[in-house]
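Peer 1:
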Amino acid sequence: ETGVTQTPRHLVMGMTNKKSLKCEQHLGHNAMYWYKQSAKKPLELMFVYNFKEQTENNSVPSRFSPECPNSSHLFLHLHTLQPEDSALYLCASSQDDQGREKLFFGSGTQLSVL
Amino acid sequence: DAKTTQPTSMDCAEGRAANLPCNHSTISGNEYVYWYRQIHSQGPQYIIHGLKNNETNEMASLIITEDRKSSTLILPHATLRDTAVYYCIVRVHTNAGKSTFGDGTTLTVKP
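First to last, the protein sequences are chains V and G. When we follow our numbering, the leftmost residue of the first sequence carries the number -18, and every step to the right adds one. When we follow our numbering, the leftmost residue of the second sequence carries the number 15, and every step to the right adds one.
#1: Rounded C-beta distance between V:S19 and V:A73? I'm assuming under 8 Å.
#2: So, for G:R30: in the same chain, excluding its five sequence neighbours on each side, which residues have a beta-carbon less than 8 Å away from its beta-carbon?
#3: In the DSSP assignment, find the beta strand (DSSP E) that holds G:I129 and state where it starts and stops.
#4: Can you tell me whether V:G(-16) is helix, strand or coil according to DSSP?
#5: Looking at the C-beta of V:G(-16), does it have a partner C-beta in chain G at a distance below 7 Å?
#6: Buried or exposed: where does V:K(-1) fall if 16 or more other Cβ atoms within 10 Å of its Cβ makes it buried?
#7: Examine the Cβ distances between the stretch 66 to 85 of chain G and the stretch -18 to -10 of chain V and report whether three or more of them are shorter than 8 Å.
#8: Check this for me: beta carbons of V:R44 and V:H60, under 7 Å apart or not?
#9: Which chain V residues are close to G:Y100, counting only those with a beta carbon under 7 Å from its beta carbon?
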């Protein structure tokens, strides 16, 4: 148990569906992150939030829409995805995005887009 | 962040020490060496980090050469549950989220 919880654990969706991934951290951290890990590829940083404000968007397509209502919760809203978006989506947190802290990851959501 | 080079895969016998090397010959003076591991279909897990001195915690030991151009992660008594992909990351101490996870080393612990 890392203190970072992601739901759902698995998700299958069609290209016309709208779904959301949820992440919650119980560590009192102020920075939260979304990563994408495609099969046999390194982790790719997607978004960074620090104190609820988005501080980084790594040229992610607009069909991925993050939301951070407070420092403990992070969502990734998905709509009109493509099959190549199938991947493991990982949430992580750290004390803040400028501090000297290590990352704590959730177990991820395995997404399949049909 | 400095680039790292790790072997693609390694095997280790259960109960023996696993020594995972990492080359980071372009490391800067203010960059730390971090190690994470990722067990299949889970998120990466922090293991240990260091600047220039050797470090030890309950999970592993980190040996950094004097010139800091390479390091070795040591799992003293490997178990089957240590089978995972191990990532060596070199970065400044800030901006944890910008850690560059490369391909890592796939360690397989065999009975």
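Glycine included, every Cβ here is placed at the ideal spot set by N, Cα and C. Because the structure is a prediction, the values reported are computed rather than measured.
Peer 2: Let me lay it out:
#1: About 17 Å separates the two Cβ atoms, so there is no contact after all.
#2: H91, A92
#3: Missing from the structure shown is residue 129 of chain G; chain G here goes from 15 to 125 and no further.
#4: coil
#5: It does not: the Cβ of V:G(-16) has no partner Cβ on chain G nearer than 7 Å.
#6: exposed
#7: no
#8: yes
#9: Going along chain V, no residue has its Cβ under 7 Å from G:Y100, so there is no contact; the nearest lies around 13 Å.
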